[in-house]
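Chains as they are written, first to last, in our numbering: chain A, 673 to 792; chain B, 673 to 792; chain C, 9 to 108; chain D, 9 to 108; chain E, 135 to 263; chain F, 135 to 263.
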């Protein structure tokens, strides 16, 4: 099968809804298929990667830490929209994984190159 | 029982979600209690009252027309935030019921006067 | 690899719809559905977005059924109303769809 | 008849949170919960909102548990962190709560 | 004080009921009484006893049930919201001619009038939208 | 063309599945094939056969079922999304030790791999978020 690159876009913050964990479910399954997979974080989605999320005092188990394991599972790129990060007062050092910053034009190019784009 | 005025606030547009019909369920039940009841429309909630909603070609039955029946059921006031209407390019004549326009300060006063405020 | 961007949130409430255009490329299309159609009632809200789309070579459509359901008048000539058949055509004409 | 306004949407995405202050009266309080706490990480986003609240006699709180969960640092001294016990106190101290 | 709680957010997909659950515990610890928790709109899904999460996830249905049993807090699902979303007692299912039932025994199913009665009787009402 | 559909929006509380249903009819009328409709996240509630609306409301579960039967369109619920929200077949309920079941017979329950397979095999994918 020819390579059909897949892009998973996270656009909302963790905890308030289940887009994060249920999107991650989809990414994890994707690793069983031999397609190239990348992740893109837009808008409040950048908070999915915020380091220091502390669920110890809560009764929640959420999957944010799973992001760190994804690099071993064939996820090639963690892309982050630079303006989304900047507008929220965050720096790349405050994220739990190494990311590649993209400006809006680079995001547009990235979207063009994909076979399918799944948004969460 | 002393009068405990209740205010029902509609703040989102019809059809995309069920806040409209399920909020109306609450208003209809309220009419069985002897409290004064008013409705307030803020933000996209003003579209709940837009005249000309045409469900004839759809398979949906939604309750927007019920708003017109509420005046007979003890709902005393239909308040609309004037700026919400203006910002959406709407005039009071395009709404399916007669409404009282309130500016933001009047909305603040109205909220102060209520016993309970339910938002939908 | 052109793309159909479907938007369903309200322009009156969501800040980031206006940013979304920066992610589109020439030849892409935008389809307004659900609450995103509400903005076509205001002669102001979408004006600059539509002008920018035209300049970028991005065409903009609005789902007629969603306008009708909400009683909303589309005031923009450069925002073309399509029915579900037209929605299907847009999906076929573009390589992929992204639901924002 | 003072009022506790609880906000749960994101300031980065919802246009109308900024309008919401106009509906508050002196003596009211605002509590930021869920996605509304995210804005406290940016030193800019809430600055004018908090200044206006102070001028209007409206106090602003943020739910500490929701900050902790999201790993967000609250950068505003005039936005007071409270735990769920403090949330309960705020409910008791005001005649009613409105969940926006 | 007597406090009643209204929840609108769905099972698993919203934080609103989890916040409400933490609030209820804090209120009880502070000596207040939770006179009712009403599950309206998508929140009606909380009365579905078939809902099953991984053992390390928050089991909302079970945790509400424990709170209810321990502190005698009535849990009430809105009857129409529950039926629209497929949460039904044996009696409801029989009435509608549906096969099966899934209502958790810690939850009651009542009309919105029950919410209004609780609201008018309590000193405070808190909504988790 | 072969089109697969992904739906995320909940039963009754979202327009997304209704839009998808209208889209599916239009696509079939235009001669295209809907190879799969996958219900993820809150949309998994669409497989709950207990869901009951008033006779003049849109009965989403029934209408999807009819579409599926008439045009041989496979309806697939995400297994984890469905279990978290309490939609289960008899087999699933037995496996989890839950009493009762509520899966509508027109729906299958599968993992997210089924969505990916359908997506890679189809000419187009349409998501209703």
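From the three backbone atoms N, C-alpha and C, an ideal C-beta is built for every residue, glycine too. Computed from a predicted model, the values in this text were never measured in an experiment.
Taking each of 43(D), 92(D), 25(D) and 9(D) in turn and checking the Cα distance to residue 56(D), the smallest one comes out for 25(D). Under the 10 Å beta carbon count, residue 259(F) is surrounded by 16 or more other beta carbons and is classified as buried. Non-local beta-carbon contacts of residue 187(F) in its own chain, meaning distances under 6 Å to residues more than five positions away in sequence, involve 193 in chain order. Residue 761(A) and residue 43(D) have their C-alpha atoms some 15 Å from each other. Only buried fits residue 76(D), as 16 or more other CB atoms lie within 10 angstroms of its CB. 20, 21, 22, 23 and 24: these are the residues of the segment 17-30 of chain D whose beta carbon lies less than 8 Å from some beta carbon of chain C, given in chain order. Runs of alpha helix (DSSP H) with 4 or more residues, each lying fully within the segment 166-227 of chain E, are found at 194-205 and 213-218, listed in chain order. Within chain B, the residues 685, 716, 719 and 760 have their CB atoms less than 8 Å from the CB of residue 46(C), given in chain order. DSSP places residue 787(B) outside any beta strand (DSSP E), giving it a letter other than H or E. According to the DSSP assignment, residue 92(D) belongs to the alpha helix (DSSP H) that extends over 92-101. Judged by their CB atoms, residue 745(B) and residue 703(B) are nearer to each other than the 8 Å cut-off.
In the structure shown, the three-state DSSP call for residue 148(E) is strand.
Relative to the Cα of residue 140(F), the nearest Cα in the group 166(F), 163(F), 170(F) and 159(F) belongs to 170(F). By the CB criterion at 8 Å, residue 165(F) and residue 238(F) fall outside the cutoff.
Excluding the 5 residues flanking it on each side, residue 183(F) has same chain C-beta neighbours closer than 6 Å at 236 and 238, in chain order. Excluding five sequence positions before and after residue 772(A), the CB atoms of its chain that fall closer than 8 Å to its own CB belong to 749, 750, 751 and 752, given in chain order. Taking a contact as a CB-CB distance under 8 Å, the pair residue 103(C) and residue 10(C) counts as one, their CB atoms being some 6 Å apart. The beta carbon of residue 725(B) falls within 8 Å of a beta carbon belonging to chain C, placing the residue at that interface. Under the DSSP assignment, residue 64(D) falls in the alpha helix (DSSP H) whose first and last residues are 55-64. Taking residue 135(E) as the centre and dropping the five residues before and after it, the same chain places the C-beta of 166, 257 and 258 closer than 7 Å to its C-beta, in chain order. Here residue 150(E) is near residue 262(E), since their CB atoms are less than 8 Å apart. In this structure, residue 105(C) places its C-beta atom within 8 Å of the C-beta atom of residue 14(C). Collapsing the DSSP output to three states places residue 159(E) in a helix. In this chain, the alpha helix (DSSP H) harbouring residue 694(B) covers 691-702. If you draw a 10 Å sphere on the C-beta of residue 230(E), you find fewer than 16 other C-beta atoms in it, and that means exposed. Around the Cβ of residue 86(C), a 10 Å sphere holds fewer than 16 other Cβ atoms; the residue is exposed. Across the set 142(E), 175(E) and 160(E), the C-alpha of 175(E) shows the shortest separation from the C-alpha of residue 215(E). Identification of chain A residues near residue 214(F) by a Cβ-Cβ cut-off of 7 Å yields 697, ordered along the chain. Partner residues in a beta bridge of residue 763(B), as assigned by DSSP, do not exist.
Proximity to residue 696(A) across 754(A), 717(A), 677(A) and 731(A) peaks at 717(A), based on C-alpha coordinates.
As computed with DSSP, residue 259(E) is found in a beta bridge with 138(E).
Using a 10 angstroms sphere on the CB of residue 20(C), the tally of other CB atoms reaches 16 or more, which defines it as buried.
Under the three-state reduction of DSSP, residue 772(A) is assigned to strand. The C-alpha of residue 178(E) lies about 8 Å from the C-alpha of residue 142(E).
For residue 107(D), there is no enclosing alpha helix (DSSP H); the residue is found in the beta strand (DSSP E) stretching over 104-107.
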